[in-house]
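J.:
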Amino acid sequence: MDKNELSMNKIISLLLIVTALFLLYVESIRNYLVFHSVVEVFSVCIAFTVFVITLNSVKYIKSNFLVILGLAYLFIGTIDLFHTLAYKGMNIFSNYDYYANQLWIGARYFESIALLTALIMMGMKTKINHRLVLAVEGTITLLLLYSIFLSDLFPVCYIDGIGQTRFKVISEIIIISILAASVYMIYLNKRLMAESIYRYIVLSVIFTMVAEFAFIFYISNYDMSNMLGHFFKLFSFYFIYKAIVVSGIQEPYNLIF
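Residues 1 to 257 in this note's numbering are what the sequence shown lists, from first letter to last.
1. Using the C-alpha atoms, what's the distance from TYR73 back to ASN56?
2. Could you check how far apart the C-beta atoms of LEU142 and GLY106 are, in whole angstroms? I think they sit under 8 angstroms.
3. Rounded to a whole number of angstroms, what is the C-alpha to C-alpha distance between LEU23 and ASP152?
4. Which two residues bound the contiguous alpha helix (DSSP H) that contains PHE217?
5. Do the CB positions of LYS233 and ALA214 come within less than 7 angstroms of each other?
6. Out of PHE207, TYR99, SER13, which has the shortest C-alpha to C-alpha gap to SER147?
7. Per DSSP, what are the beta-bridge partners of GLY163 in this structure?
8. Quick one: give me the first and last residue of the alpha helix (DSSP H) that SER63 is part of.
9. Would you kindly report the start and end of the unbroken alpha helix (DSSP H) that includes ILE113?
10. Are the Cβ atoms of ALA47 and GLY77 separated by less than 7 angstroms?
11. Would you give the residue range spanned by the alpha helix (DSSP H) that SER94 belongs to?
12. Return the Cβ separation of GLY70 and PHE51 in integer angstroms, given the expectation that the two are a contact with Cβ distance under 8 angstroms.
13. Check this for me: beta carbons of CYS157 and ASN101, under 7 angstroms apart or not?
14. Taking buried to mean at least 16 other C-beta atoms within 10 Å of its own C-beta, is ARG191 buried or exposed?
15. Here's a check: name, in chain order, each residue in its chain whose Cβ is nearer than 6 angstroms to the Cβ of GLY229, leaving out the five neighbours to either side.
16. Looking only at its own chain, which residues have a Cβ that is under 8 angstroms from the Cβ of ILE176, when we skip the five neighbours before and after it?
17. Run the CB neighbour count on SER28, radius 10 Å, all protein chains shown included, and call it buried at 16 or more, exposed below.
18. Only counting runs of 3 or more residues, tell me where the beta strand (DSSP E) segments fall wholly within the segment 176 to 203, in order along the chain.
19. Per DSSP, what kind of secondary structure is ASN226 in: helix, strand or coil?
20. Along the chain, which unbroken stretches of the beta strand (DSSP E) at least 3 residues long are found entirely within the segment 25 to 54?
21. THR139 lies in the alpha helix (DSSP H); which residues open and close that run?
22. Look up ASP152 in the DSSP assignment and say whether it is helix, strand or coil.
23. Leaving out the 5 sequence neighbours to the left and right, which residues in its chain are closer than 8 angstroms to ALA181 when beta-carbon positions are compared?
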């Protein structure tokens, strides 16, 4: 492929992305519930794809970072799927309207802690057992879902007529702090990553942090700040896709070894 053809493909891809974002914005004004569902389903699909690629490559993967993080996306995607189904207006869970807010916090805690844990264990010479990782991450997910849906142990995150609770806001700040620590850890481990992987992972984490900032300030599940937060989440998962799925297919040895 020559340079002109490559440049044209990049321009076409950019135009398609801009068009898709514009259509999503229009839909968010026309029907916010559809917009929210599309964004969340996209991120869930990416999460499951990352997991499938990791699971099928696990016997070749030498990096504990990729094993822990890649497998975690099965559970991140699962929690996000429950978040989508529980969103106010979906009318699937009729006993409470704000499970989605709790599930959002649960998913972002899981995502940020999994990332930081993966980075901490990245330099270990001993390869971690992927079955153990699945067991630990799966148990945490089941306990999280139990605490939200069955036991009411998970703190309330949103009160109708009042807005976000103090727990919700403080949790967003804690998650941002964990993500900031992760960016620093990524920088320290830069030499262990391919350049493209490093760049995309950093961009993904930064967009997640910006999304969390947006979610600190929303008043309603349907307001502008909430919409911006979901757009930034969309960007975050797109860069995870670029880092693991695209690079995993096009440059598998750079990613795996």
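Don't be surprised by glycine CBs; every beta carbon is placed ideally from N, CA and C. Keep in mind that this is a model prediction, so the values were computed, not measured.
T.: Looking at the atomic coordinates:
1. 14 angstroms
2. Going by Cβ atoms, the distance from LEU142 to GLY106 rounds to 12 angstroms, so no, they are not a contact pair.
3. 38 angstroms
4. Counting along the chain, PHE217 falls outside any alpha helix (DSSP H), and DSSP gives it neither H nor E.
5. no
6. TYR99
7. ILE159
8. Unbroken run through SER63: none, as it is neither H nor E.
9. 99 to 120
10. yes
11. No alpha helix (DSSP H) holds SER94; DSSP gives it neither H nor E.
12. 6 angstroms
13. yes
14. exposed
15. ALA211, ALA214, PHE215
16. MET209, GLU212, PHE213
17. buried
18. none
19. helix
20. none
21. 130 to 149
22. coil
23. LEU116
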